[in-house]
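In the numbering used here, the protein residues as written are 274 to 349.
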């Protein structure tokens with residue numbers, strides 16, 4: 274089974290990568306972009322019997338830094 278994990282910075286956490294992307298977009302002439310927040314997409318292939326609790330533990334222990342990041346899990 275495919276599982277998608279989306280990892281994003283928590284609100285209020287400085288996002289230098291997002292700022293760099295925003296600056297580059299402006300430099301390329303793209304107007305109207307007010308802000309950019311960058312994150313990560315992680316695709317896992319897991320056995321069908323892997324529990325939601327196990328997926329949550331994977332994210333909390335390794336895939337995301339829960340001090341500064343949020344994560345969302347989607348079974349695809």
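Backbone N, C-alpha and C fix where the C-beta goes; we use that ideal spot for every residue, glycine too.
Have a look at residue 328 and residue 339 and give me their C-alpha separation to the nearest angstrom.
Numbered from its first residue, the chain shown carries residue 328 at position 55. Numbered from its first residue, the chain shown carries residue 339 at position 66. Roughly 14 Å between the two C-alpha positions.
Consult DSSP for residue 282 and reduce its assignment to one of helix, strand or coil.
Here the question's residue 282 lines up with position 9 in the chain shown. DSSP places residue 282 in strand when its eight states are reduced to three.
In the DSSP assignment, the alpha helix (DSSP H) including residue 300 goes from what residue to what residue?
Here residue 300 refers to the residue found at position 27 when the chain shown is read from its first residue. For residue 300, the enclosing alpha helix (DSSP H) has its first and last residue at 289–300.
Looking only at C-alpha atoms, which of 280, 274, 299, 320 sits nearest to residue 337?
One-based indexing of the chain shown puts residue 337 at position 64. Nearest C-alpha to residue 337 among 280, 274, 299, 320: 280.
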